[in-house]
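Trainee: If you scroll down you'll find the structure; I have some questions about it.
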Amino acid sequence: MPQVKIESVKRKIEKEESLFLNDSTISEEVKDNYKSLDDSETSLRKKYVYLSQWNAKKNKMNSNIDKVVDITEIKTIFKELKTAIDNSDKKTTELIYKELEILKVYIETTEQRKLERYKNELLKQKELIEKRLAELDDTANL
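Note that numbering that gives the first Met the number 0 has the sequence shown beginning at 0, numbered continuously upward.
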């Protein structure tokens, strides 16, 4: 992996350091570790890593928040749809209720699907670790 130029590192630190240190989601221990670093090139690169990880965490949290389904919005949409549709049209009314039930089941199972994806990801990581351990054992036996 190519190293970032020290000038770029310094610019990033100047720009984001105060935001990082004032972020309430960062533990005091991490902030203390960050502050304990001096201005040597190695320490500046460590600060850069702290800031990069912090930005990645922020971006991940923001993207997760954007993906959350707001149930009240969905209910409002269906209420508006219900008032806009003529109740005498039974076929359309039944279709709306059917779609509403499908959506309700989807929302209720969202957490379960998330857990299943997480479990599958952990199983893949476990298999990869076991494979690498086996490779290390094979090279150690040579």
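Heads up, the beta-carbon is just placed ideally off N, CA and C, and yes, glycines get one too. Since we're looking at a predicted model, the values are computed, not measured.
(1) Using three-state DSSP, classify THR135 as helix, strand or coil.
(2) Quick check: ILE12 and LYS45, are their CB atoms within less than 8 angstroms of each other?
(3) In whole angstroms, give me the CA-to-CA distance for LEU36 and GLU126.
(4) Can you say whether LEU50 is buried or exposed, counting buried as having 16 or more other CB atoms within 10 angstroms of its CB?
(5) Whole-angstrom Cβ separation of THR92 and ILE84, contact assumed at under 8 angstroms?
(6) According to the neighbour-count rule (16 or more other Cβ atoms, all chains shown, within 10 Å of its Cβ), is LEU122 buried or exposed?
(7) Any beta carbon from chain C within less than 8 angstroms of ARG10's own beta carbon?
(8) If you reduce the DSSP assignment to three classes, tell me which class ILE25 lands in.
Mentor: On the basis of the supplied data:
(1) As a position in the sequence shown, residue 135 is number 136, starting the count at 1. Reading off the sequence, residue 135 comes out as Leu, not Thr. Per DSSP, reduced to three states, the secondary structure at LEU135 is helical.
(2) Residue mapping note: residue 12 aligns to position 13 of the sequence shown, counting from 1. Residue mapping note: residue 45 aligns to position 46 of the sequence shown, counting from 1. Their beta carbons are not under 8 angstroms apart, which means ILE12 does not touch LYS45 by this criterion.
(3) Position 37 of the sequence shown, counted from the first residue, corresponds to residue 36. Position 127 of the sequence shown, counted from the first residue, corresponds to residue 126. Computed Cα separation, rounded: 37 angstroms.
(4) For the purposes of this step, residue 50 is identified with residue 51 of the sequence shown, where counting begins at 1. LEU50 comes out buried.
(5) Taking the sequence shown and counting its residues from 1, the one referred to as residue 92 is at position 93. Taking the sequence shown and counting its residues from 1, the one referred to as residue 84 is at position 85. Rounded, the Cβ-Cβ distance is 7 angstroms, consistent with contact.
(6) Start at 1 with the first residue of the sequence shown, and residue 122 comes out as number 123. Answer is exposed; the Cβ neighbour count stays below 16.
(7) Looking at the structure shown, chain C is missing, and only one protein chain is on hand.
(8) For the purposes of this step, residue 25 is taken as residue 26 along the sequence shown, with counting starting at 1. Here DSSP, grouped into helix, strand and coil, assigns ILE25 to coil.
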